[in-house]
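Okay, so here's the structure we're looking at.
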Amino acid sequence: MRVLLASPESALWNERKHIPLGLGYLAAALRENGHQVGIYDAAVEEDSLEDVVRRGRYELLGISAVTPLIVDAWQMAKEGKRLGLITVLGGPHLTLLPGESISDAHPEVDYVIQGEAEESLVEFVAALEGRRPLETVHGLYWRRNGETAANPPAGLIPNLDSIPYPAHDLFKITRYANLQPLTDGLDPKARAYTIMTSRGCPYKCTYCSKPITGDTWRPRSIANVIGEWRWLARDLKATEIGLTDDIWNLKLDRAKGLCRALIAEGLNNVPWVTVHGMKVNHTDPELFQLMKQAGCKRVGFGVESGDPNILRHVIKKAQTLEQVRNAFHWARDAGLQTMGFFIFGMPEENEETMEKTIRLALELDPDLANFMLATPYPGTEMYEVIQKYGNVFAREWQDYAIHSDRARFTMPNYDPDLVVRKWKEAYRRFYLYRPRRVWEKVSKRSFWTELPSTLMNARRFFVPERMRVPGKAV
Ligand code: B12
Ligand code: SF4
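Pasting the structure below:
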């Protein structure tokens with residue numbers, strides 16, 4: 009069958025254009041089973057969906073969606089139906105709320121597949137080709153005799169080494185952003201691939217949405233990861249590689265083993281970064297030294313809060329401020345750039361707790377600080393707490409974006425306006441009000457080459473909303 013796997017373009021702030029790796033995995037699984045597959049990532053496409061569908065003579069359109077993109081996914085499905093395609097939706101949001109998209113409100117959605125879908129999508133395509141009954145497709149939600157039928161779930165793939173590497177070769181790689189978050193724009197020469205060495209995370213942070221993996225963690229073998237890394241570095245000429253695991257360093261020995269293997273295989277000449285936060289309580293000085301030798305350029309850490317009580321009892325991050333400070337110190341000592349992720353506005357936050365977070369950010373002084381707003385995704389503990397004691401203001405799924413101030417909520421003794429004020433203040437105090445930092449920035453060549461995107465970001469944080477040009481994405 010001819011299958012187009014697609015990711016919709018989002019109206020919300022989304023400057024970091026990274027490859028949709030999940031679609032790469034699905035494409036590889038379909039390809040291995042003899043199907044013709046294309047990937048259409050609307051965030052980077054120049055051609056319309058219609059042109060691509062006509063050229064590729066596609067029959068099935070598979071669309072992926074995280075919660076804030078579901079409305080865009082429905083829109084894309086409508087376009088798919090207009091073009092005569094069968095539509096199937098999957099991904100995190102569909103795993104959380106499969107019934108919503110297969111309801112009468114969404115006739116444009118023919119099928120939904122819940123969960124990890126490397127195997128179930130192949131089963132589904134076989135069913136569409138008449139080679140097995142739809143009833144046997146795991147995780148499938150579909151319409152049968154006017155009712156929604158829900159097949160038993162697929163479960164998680166026990167051995168990740170058993171699935172093929174993502175079809176990296178199908179991505180239009182030069183259209184993706186380099187791996188410098190927040191401040192950088194598109195680098196025309198970057199060939200920035202991402203890789204996932206493990207899936208899931210056993211921690212239970214109260215704000216974290218993990219519909220696909222729950223609290224499980226499955227590593228790939230080092231040999232399997234190295235095989236993919238070699239393909240990226242040697243054959244696909246990656247200029248940068250980003251680790252997108254939720255927690256790649258859960259097992260310290262394995263993390264060190266991977267670094268040693270990269271060094272031994274001579275794969276340490278392509279710079280790599282951890283795109284998301286490493287967990288500070290699974291680190292030691294040797295790990296960072298090995299990462300540096302293995303080609304790592306920058307590490308990110310989920311710091312989240314400077315208030316021990318919020319960290320421990322509200323977020324349940326299972327890490328201490330001392331561990332945070334140590335990790336930054338060790339990483340810097342090893343010669344790595346650092347990036348910190350901070351969250352503003354968890355339930356129970358007040359002026360004092362958020363001030364502590366700003367001060368911690370200033371004290372740690374990472375090369376990049378990423379300040380996010382706590383966003384209550386359905387299925388998280390945070391969401392449950394707010395449902396019980398407060399109210400979410402968000403009206404649409406698009407409002408659920410961590411860099412937008414639209415998914416605010418009320419709670420007793422909680423001031424959502426203060427949260428937004430402190431969040432913006434954090435950006436100003438970190439990036440604008442420190443002469444040394446401003447000088448460091450403007451004296452770099454990259455500052456000037458990336459000026460357009462820097463200004464776009466600056467506009468979001470430093471220009472009041474009422475003064476912005478309407479209609480521009482935030
Ligand atoms: C890397 C990453 C990013 C990158 C790249 C995103 C991209 N282009 O894919 C960046 C930094 C840009 C990013 C941005 C955002 N992200 Co993000 N991201 C991730 C991360 C860490 C890994 C994604 C990944 O590659 N997973 C591995 C693959 C194998 O899994 P998968 O994508 O889920 O795909 C599998 C299944 O979902 C399913 N599936 C997926 N698509 C489809 C389609 C069909 C048709 C079918 C049948 C099945 C199916 O099968 C796949 C294979 O098993 C996840 C966390 C995680 N561990 O998954 C968060 C995560 C997906 N992100 C999340 C969020 C919220 C966002 C943002 C909305 C944040 C924001 N700005 O507000 C944006 C949205 C941008 C966008 N356009 O998607 C949430 C989603 C929560 C939710 N309820 O939807 C997650 C789960 C993180 C979290 N714990 O909160 N993200
Ligand atoms: S925020 Fe990070 S450490 Fe916490 S549960 Fe999510 S992935 Fe794990």
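Read in the numbering used here, the sequence shown has 16 at position 8, and its numbers run on one by one without any break. By construction, the Cβ of each residue, glycine as well, lies at the ideal position given by its N, Cα and C atoms.
Coil, strand or helix - residue i by DSSP
i    : result
H26  : coil
D192 : Reliability of the predicted coordinates at D192 is poor, the pLDDT of 48 falling under 50, and no value is obtained from them.
P420 : coil
W280 : strand
K432 : helix
N334 : helix
R140 : coil
E473 : Model confidence at E473 stands at a pLDDT of 49, short of 50, so the residue's coordinates are unreliable and nothing is read from them.
F401 : coil
S18  : coil
M9   : coil
L187 : coil
L93  : coil
L267 : One detail in the question is off: residue 267 reads as Cys in this sequence, not Leu. It is helical.
S128 : helix
M286 : strand
T346 : strand
G98  : strand
R207 : strand
A198 : coil
Neighbour-count burial assignment, residue i, 16 or more Cβ in a 10 Å radius
i    : result
T75  : buried
P166 : exposed
Q395 : exposed
G193 : Bear in mind that the predicted position of G193 carries a pLDDT of just 48, short of 50, making it unreliable; the figure below should be weighed with that in mind. It counts as buried.
W237 : buried
H321 : exposed
N378 : buried
A246 : buried
P141 : exposed
A85  : buried
D118 : buried
S313 : buried
Nearest neighbour of residue i, chosen from the options [CA to CA]
i    : options                   : result
G147 : E137, R139, E155 and E131 : E131
H101 : L440, G387 and R442       : G387
I171 : G308, A241 and G30        : G30
R10  : I323, R63 and G32         : R63
Q345 : E330, L319, L381 and Q297 : Q297
K534 : G265, F336, G303 and C304 : With the chain covering 9 to 482 only, the question about residue 534 has no answer from this structure.
R39  : E126, Y119, V52 and G138  : E126
D315 : G285, A369 and C304       : A369
Q327 : K212, A50, Y201 and T383  : K212
V79  : A113, V60 and V145        : A113
M354 : G107, I323, E273 and N276 : I323
T383 : Q44, T214, Y397 and N358  : T214
S229 : G265, N41, V45 and I220   : G265
E433 : F401, Q301, M299 and K364 : K364
G303 : N317, K430, Q44 and P279  : P279
Q331 : P293, L12, G107 and K305  : P293
Residue i - containing beta strand (DSSP E), residue span
i    : result
P106 : No beta strand (DSSP E) contains P106, which is instead part of the alpha helix (DSSP H) from P106 to S109.
G46  : Q44 to D49
P227 : W225 to P227
M380 : L376 to L381
R151 : L148 to R152
L275 : That residue, L275, is in no beta strand (DSSP E); it is neither H nor E in DSSP.
G250 : E248 to L251
K305 : C304 to E312
Y119 : Y119 to I121
beta-carbon residue i near the ligand NAD non-hydrogen atom, thresh 8 Å
i   : result
I27 : Questions concerning the ligand NAD fall outside what the structure shown contains, since the ligands it does hold are the ligand B12 and the ligand SF4.
Cβ separation of residue i and residue j, assumed to be a contact under 8 Å, to the nearest whole Å
i    : j    : result
L244 : D177 : 7 Å
D169 : G208 : Actually they are not in contact, since the Cβ atoms of D169 and G208 sit about 15 Å apart, beyond 8 Å.
L97  : A73  : 6 Å
S206 : W256 : 6 Å
V307 : T282 : 5 Å
L251 : H290 : With a Cβ gap of about 14 Å, L251 and H290 do not count as contacting.
E248 : A198 : 6 Å
T202 : I366 : The pair is not a contact, with the Cβ atoms about 30 Å apart (cut-off 8 Å).
G348 : F309 : 6 Å
E67  : L93  : 6 Å
Endpoints, the alpha helix (DSSP H) within which residue i is located
i    : result
T221 : Note, T221: premise wrong, no alpha helix (DSSP H); not H, not E.
W82  : I78 to R90
R63  : L57 to G64
T361 : E359 to L372
I234 : I230 to R238
L178 : Looking at the DSSP string, L178 is not in any alpha helix (DSSP H), and its letter there is neither H nor E.
E294 : P293 to Q301
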